[in-house]
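Just below is one structure, and these are the notes that go with it.
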Amino acid sequence: MDSAHEHAYDRITWLATQLTNCPMALVSLLSSERQWFKSRVGVNAVETPRAHAFCNYAILSDEGLLVEDARADQRFSNNPLVLGEPNIRFYAGVPVTNADGSRLGTLCVLDSHPRILSVEQLRGLRELADIVSGEIGRIHTIA
0 MDSAHEHAYD RITWLATQLT NCPMALVSLL SSERQWFKSR VGVNAVETPR AHAFCNYAIL
60 SDEGLLVEDA RADQRFSNNP LVLGEPNIRF YAGVPVTNAD GSRLGTLCVL DSHPRILSVE
120 QLRGLRELAD IVSGEIGRIH TIA
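Take the sequence shown: its position 87, counting from 1, is numbered 86 in numbering that gives the first Met the number 0, and each next residue is one higher.
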């Protein structure tokens with residue numbers, strides 16, 4: 000958390016936006032109280048309260064979380080990030096892990112419009128999340 004900016008993560012979030020045609024992508028890391036963005040595309044905030052984080056749900060399974068329309072999902076319909084900026088309607092997030100497999104956060108893509116991802120796009124997002132996890136593991140191994 001709060002580590003220095005690293006271009007490698009920005010390349011991955013940019014690739015995630017290109018792969019999915021979503022205008023927003025994040026590498027988010029969770030602490031007990033907040034969600035911090037290691038990398039972000041299309042999002043101005045650098046963090047949010049953990050209580051607002053879609054990633055809370057995405058880290059519960061290896062498959063992650065897909066929300067096609069957050070307004071229609073009881074878990075998120077009253078979320079401040081749905082009701083206000085950045086007006087999230089669509090969310091797809093895949094867990095990122097450290098070397099021992101602990102889920103630290105997600106690679107996710109977001110849109111202000113409902114949408115559906117193809118099987119290929121979901122696989123690509125999972126592959127990119129694996130690259131993020133590998134990068135996290137590589138950095139901690141070196142440090």
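By construction, the Cβ of each residue, glycine as well, lies at the ideal position given by its N, Cα and C atoms.
Span separating the alpha-carbon of residue i from that of residue j
i: residue 29; j: residue 70; result: 23 Å
i: residue 95; j: residue 76; result: 25 Å
i: residue 111; j: residue 24; result: 12 Å
i: residue 31; j: residue 49; result: 7 Å
i: residue 36; j: residue 117; result: 26 Å
i: residue 85; j: residue 73; result: 18 Å
i: residue 43; j: residue 78; result: 18 Å
For residue i, the nearest candidate out of the options (CA to CA)
i: residue 53; options: 106, 134, 129; result: 106
i: residue 64; options: 3, 122, 135, 20; result: 122
i: residue 125; options: 44, 31, 18; result: 18
i: residue 102; options: 86, 129, 120; result: 129
i: residue 115; options: 58, 91, 86; result: 91
i: residue 14; options: 5, 127, 132; result: 127
i: residue 83; options: 57, 119, 51, 56; result: 51
Reduced DSSP secondary structure (H/G/I, E/B, other) of residue i
i: residue 59; result: coil
i: residue 21; result: coil
i: residue 5; result: coil
i: residue 100; result: coil
i: residue 50; result: helix
i: residue 65; result: strand
i: residue 111; result: coil
i: residue 70; result: helix
Cβ shell of residue i (< 8 Å), same chain only, five flanking positions each side left out
i: residue 47; result: 33, 34, 80
Sequence-distant residues of its chain with Cβ nearer than 7 Å to residue i (five each side left out)
i: residue 113; result: 67, 68, 88, 89
i: residue 61; result: 94
Sequence-distant residues of the same chain with beta carbon closer than 6 Å to residue i, five excluded per side
i: residue 41; result: 22, 23
i: residue 98; result: 136
i: residue 38; result: 8, 9, 12, 26
i: residue 134; result: 7
i: residue 16; result: 24, 40
Residue i burial status per 10 Å Cβ neighbour count (16 or more: buried)
i: residue 45; result: exposed
i: residue 104; result: buried
i: residue 59; result: exposed
i: residue 109; result: buried
i: residue 2; result: exposed
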